[in-house]
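Colleague: I have a structure I would like to understand better, so I am pasting it below and will then ask my questions one at a time.
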Amino acid sequence: MKEVFKISTGEEIYLRYIKRSDLNAVWRNFNEVVEEDIYPVFFPVETQFEKESWYDSLKREKNICIIADNLDLKVPFNVVGQCEISNIEWDASKHVGSLGVIVQKNYRDMGIGKRLIDMAIRESQKLNNKEKIILSCFTNNERAIHLYKELGFKEVGIRKAQFKIEGRYYDELLMELLIEDYLKGQ
Ligand SMILES: CC(C)(COP(=O)(O)OP(=O)(O)OC[C@H]1O[C@@H](n2cnc3c(N)ncnc32)[C@H](O)[C@@H]1OP(=O)(O)O)[C@@H](O)C(=O)NCCC(=O)NCCS
C-alpha cells in the first residue's frame with residue numbers, strides 16, 4: 000500500500016514500506032528522540048550491525064514498518080517519520096500488535112504521525128491479521144497522548160515509576176485500540 004499527501008509547507012510526503020536503504024535515516028530519527036528524554040532508551044544506535052540486525056529481525060518476524068518519505072529531500076534526510084507495529088511473542092497474543100511511532104522534530108504537528116499510524120494499523124490488520132493494537136508512552140508526552148486519544152486509543156492503566164532517567168522517575172501510560180472500533184470510526 001502506498002499513499003501520497005501534501006503537508007502545510009507544500010512538501011509531498013509518500014507513505015510506504017521501509018527498505019534496507021532507509022536504515023540510516025530511520026535510526027537517525029530514533030537517535031534524535033533518545034536525546035529528548037521521552038523514550039526509555041539511554042544510548043543511540045550507531046553501529047551498522049545493530050541497524051542491520053533490527054532490519055533482518057523486522058523482515059523475519061514480518062513486523063510492519065511504514066515510513067514517511069519526503070519526496071523533496073535527498074537520502075538520508077528524506078525519512079521524516081516511521082511507525083512500527085510488531086508482533087507480541089506470546090502464541091495467544093498473535094492477534095495483538097505493539098505500536099511505536101516517531102516523527103522528526105521539525106515535521107511534527109503536520110499530521111504525519113496520524114497518517115503513519117493509520118496506515119500501519121490498516122496494514123497490520125490486512126497482512127498480520129491484527130485485531131488489537133497496544134502501546135505505551137511517558138505520562139508527560141502530551142503530544143503523543145493527544146494523538147493517540149484522537150485516533151481512539153483508550154487508557155488502560157499507568158505503571159508508576161516505571162522508568163528512571165538520571166535519578167528522576169517517570170510513569171508509563173498503557174493504551175490500546177480495537178481495530179474494528181477504529182475502522183468503524185473512520
Ligand atoms: C508523538 C509523535 C509521533 C506525533 O507525531 P506528529 O506528526 O507530530 O503527530 P500529528 O501531527 O499527526 O498530531 C499531533 C497532535 O498533537 C497536538 N499537540 C501538539 N502538541 C501538543 C501538546 N503539548 N499537548 C496536546 N496536544 C498537542 C497537535 O495539535 C496535533 O493534534 P491535532 O491533529 O488535533 O491538531 C511525535 O511528536 C514524535 O515523534 N514524538 C517523539 C517520539 C514519541 O514521543 N513517540 C511516541 C511515544 S512512544
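Numbering follows numbering that gives the first Met the number 0, with no gaps: position 173 of the sequence shown is 172.
Note that beta-carbon positions come from the ideal geometry of N, C-alpha and C, so glycine has one too.
Model, not experiment: these values are computed from the prediction.
So does ASP108 have its beta carbon nearer than 6 Å to some heavy atom of ligand 1?
Modeller: Yes, Cβ of ASP108 sits closer than 6 Å to a heavy atom of ligand 1.
Colleague: List in chain order: all unbroken alpha helix (DSSP H) runs of 4+ residues lying wholly within the stretch 136-160.
Modeller: 141-150, all fully within the stretch 136-160.
Colleague: Taking all protein chains shown into account, do 16 or more other C-beta atoms lie within 10 angstroms of the C-beta of PHE152, making it buried, or fewer, making it exposed?
Modeller: Buried, by the Cβ-count rule.
Colleague: Give the DSSP-derived three-state secondary structure of LYS93 in the structure shown.
Modeller: Looking at LYS93 - three-state DSSP - the assignment turns out to be coil, as it is neither helix nor strand.
Colleague: Tell me whether ALA143 counts as near ligand 1, meaning its Cβ is closer than 6 Å to at least one heavy atom of that ligand.
Modeller: At least one heavy atom of ligand 1 is nearer than 6 Å to the Cβ of ALA143, so yes.
Colleague: Measuring straight from C-alpha to C-alpha, what distance separates VAL79 and TRP26?
Modeller: Roughly 11 Å separates the two Cα atoms.
Colleague: Taking contact to mean at least 3 C-beta pairs separated by less than 8 Å, is the stretch 102-117 in contact with the stretch 42-53?
Modeller: With the cut-off at 8 Å, the stretch 102-117 and the stretch 42-53 do not touch.
Colleague: Report the three-state DSSP secondary structure of LEU115 (helix, strand or coil).
Modeller: Correct three-state label for LEU115: helix.
Colleague: For the stretch 18-93, which segments carrying the beta strand (DSSP E) assignment without a break, of at least 3 residues, lie completely within its bounds, in sequence order?
Modeller: For the stretch 18-93, whole beta strand (DSSP E) runs of length 3 or above, ordered along the chain, are 63-69, 78-86.
Colleague: Could you tell me whether any non-hydrogen atom of ligand 1 is closer than 6 Å to the CB of ILE37?
Modeller: True, at least one ligand heavy atom lies under 6 Å from that Cβ.
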